[in-house]
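Report on one structure; see the data block that follows.
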Amino acid sequence: MRIPVLSLGRILLVSIQEDLTDSDAMQFQSDLVERVAETEALGVAIDITALDVVDSYMARVINDTAYMVRLLGAEAVICGVQPFVAMTLIEMGRDLLGADCAFNLEQGLEILKGRIAKRGDTRFDEDEDA
Amino acid sequence: MPESFAGTKIPVMSAADIVTARRVARDLCERLGLGKADQTRLATAVSELARNVIQYACEGVCLIEDRSDSHTRRIRVQVEDRGPGIPDIPLAMTDGYSTSGGLGAGLPGTRRLVDEFQIESEPGHTRITIILRKPL
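Here the protein sequences line up with chains A and B, keeping their order.
Once you know that position 119 of the first sequence is 118 in numbering that gives the first Met the number 0, the rest is easy, because the numbers rise by one and skip nothing.
Once you know that position 33 of the second sequence is 32 in numbering that gives the first Met the number 0, the rest is easy, because the numbers rise by one and skip nothing.
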């Protein structure tokens with residue numbers, strides 16, 4: 000199964016809608032990282048609202064993906080962690096999900112835009128003006 | 000072994016079976032009227048244990064049973080495999096310890112999610128039993 004990656008200007012949106020198997024999760028990670036590099040995206044919002052189970056493996060994949068995206072030069076925000084997922088992850092271990100989070104996709108986008116503006120990235124301004 | 004409990008036996012042979020096992024666990028929680036928090040806890044615990052099977056033993060079995068009585072709702076999950084076994088159980092239960100390059104949250108993390116947790120392990124046979132219970 001492939002997870003679609005949507006672009007909104009220089010920001011990429013990914014919404015994980017289904018319970019992923021381990022190989023789906025790895026596929027998602029490499030697809031997204033490749034896409035960020037290809038498009039030189041400035042920010043990525045990963046929406047996991049639909050995930051009602053995030054075990055330590057999935058948490059690591061999401062976390063790693065966010066850090067990989069940052070290594071390439073883009074900002075990353077995880078959106079929509081469910082309250083029971085948050086509780087379970089913290090009960091299991093505190094450091095499982097350390098990436099930046101937002102309540103939902105909308106807020107995630109705001110955070111990304113703010114952060115991109117703050118680092119004074121002119122590539123983003125050009126896109127806005129065009 | 001008493002066989003009178005309603006249970007589901009799920010073979011754990013591939014990563015897709017992990018998804019099945021956690022779905023079955025969640026469904027049973029829901030059927031017994033356990034809240035979302037417990038559904039998520041048990042599904043996550045089952046996911047961790049089933050993943051260990053795939054990672055260390057290649058294949059095994061996950062048995063999910065309703066063991067409720069007149070006072071308590073109780074779900075018991077047994078995950079069994081014929082893999083190499085866990086040589087040092089106290090070490091495997093230490094936070095941050097992992098032989099697989101994982102985060103080491105697996106077993107100790109799982110123990111924190113459930114009410115009872117038991118490991119029996121020897122070379123060629125490992126059985127982990129977890130129980131989630133709630134008063135009726």
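No residue lacks a Cβ here, since even glycine has one placed at the ideal position from N, Cα and C.
query: Ordered along the chain, which non-local residues of its own chain (more than five positions away) have a Cβ less than 6 Å from that of A:Leu5?
result: Excluding residues up to 5 positions away in sequence, Leu12 lie with their Cβ nearer than 6 Å to the Cβ of A:Leu5 in the same chain.
field: Members of the stretch 108-129 of chain B that neighbour chain A once the beta carbon cut-off is set at 9 Å
entry: Flagged, chain order: Gly108, Thr109, Arg111, Leu112.
- prompt: In the stretch 3-73 of chain A, which residue ranges form an unbroken alpha helix (DSSP H) of at least 4 residues, counting only runs that do not cross its ends?
  reply: 21-38, 55-71
message: I'd like to know whether the C-beta atoms of B:Leu62 and B:Gly105 end up nearer to each other than 8 Å.
response: no
message: I'd like to check one pair, B:Ala20 with B:Leu112: are the Cβ atoms closer than 8 Å?
response: no
Closest residue to A:Leu70 among A:Glu39, A:Phe102, A:Met25 (Cα-Cα distance): A:Glu39
message: Is there a C-beta anywhere in chain B that falls below 8 Å from the one on A:Asp63?
response: no
field: A:Thr87: contacting residues in chain B (beta-carbon distance under 7 Å)
entry: The answer, in chain order, is Thr39, Arg40, Thr43, Leu112.
- prompt: Skipping 5 residues on each side, what residues in its chain have a beta carbon closer than 6 Å to that of A:Met0?
  reply: Excluding residues within five positions, the ones whose Cβ falls inside 6 Å are Asp23.
task: Step through the CB atoms of chain A and report whether any lies within less than 8 Å of the CB of B:Asp73.
output: It should be pointed out that residue 73 of chain B corresponds to Arg in this sequence rather than to Asp. Not an interface residue.
8 Å Cβ cutoff, B:Val18 in contact with chain A: yes
field: Three-state class that DSSP yields for B:Cys61 in the structure shown
entry: strand
message: Am I right that A:Val76 and A:Asp99 are in contact with their C-beta atoms under 8 Å? What's the rounded C-beta distance?
response: 5 Å
Minimum Cβ-Cβ distance from B:Ala91 to chain A less than 8 Å: No, no contact with chain A.
task: Have a look at B:Glu29 and B:Ala42 and give me their C-alpha separation to the nearest angstrom.
output: 11 Å
message: Please list, in chain order, the chain A residues whose beta carbon lies closer than 8 Å to that of B:Arg50.
response: Per Cβ cutoff of 8 Å: Asp21, Asp54, Tyr56.
field: A:Phe102 in three-state terms, based on DSSP
entry: coil
task: Give every residue of the same chain whose Cβ lies closer than 7 Å to the Cβ of B:Gln38, excluding the five residues on either side of it in the sequence, and list them in chain order.
output: Arg25, Cys28, Glu29
message: Per the DSSP calculation, A:Ala75 is bridged to which residue(s)?
response: Partner(s): A:Val43.
- request: May I ask you to list the residues that DSSP assigns as paired with B:Val11?
  value: B:Gly59
- prompt: When the Cα atoms are used, what is the spatial distance from B:Ile88 to A:Asn62?
  reply: In this structure, the CA atom of B:Ile88 is about 28 Å from the CA atom of A:Asn62.
field: Residue closest to B:Gln77, alpha-carbon to alpha-carbon, out of B:Gln54, B:Ile118, B:His70
entry: B:Ile118
message: Just to confirm, is the Cβ distance from B:Ser46 to B:Gly84 under 8 Å?
response: no
message: Run through chain A and tell me which residues come within less than 7 Å of B:Ala14, C-beta to C-beta.
response: Correct list: Thr20, Asp21, Ser22.
query: Using the C-alpha atoms, what's the distance from A:Ala58 back to B:Ile53?
result: 18 Å
message: DSSP three-state label for B:Pro89, please.
response: helix
query: The beta strand (DSSP E) with B:Val45 in it runs from where to where?
result: First-last for B:Val45: 35-51, but that is the alpha helix (DSSP H), not the beta strand (DSSP E).
task: List the residues of chain B that A:Phe83 touches, going by C-beta distances under 7 Å, in chain order.
output: Lys35, Ala36, Thr39
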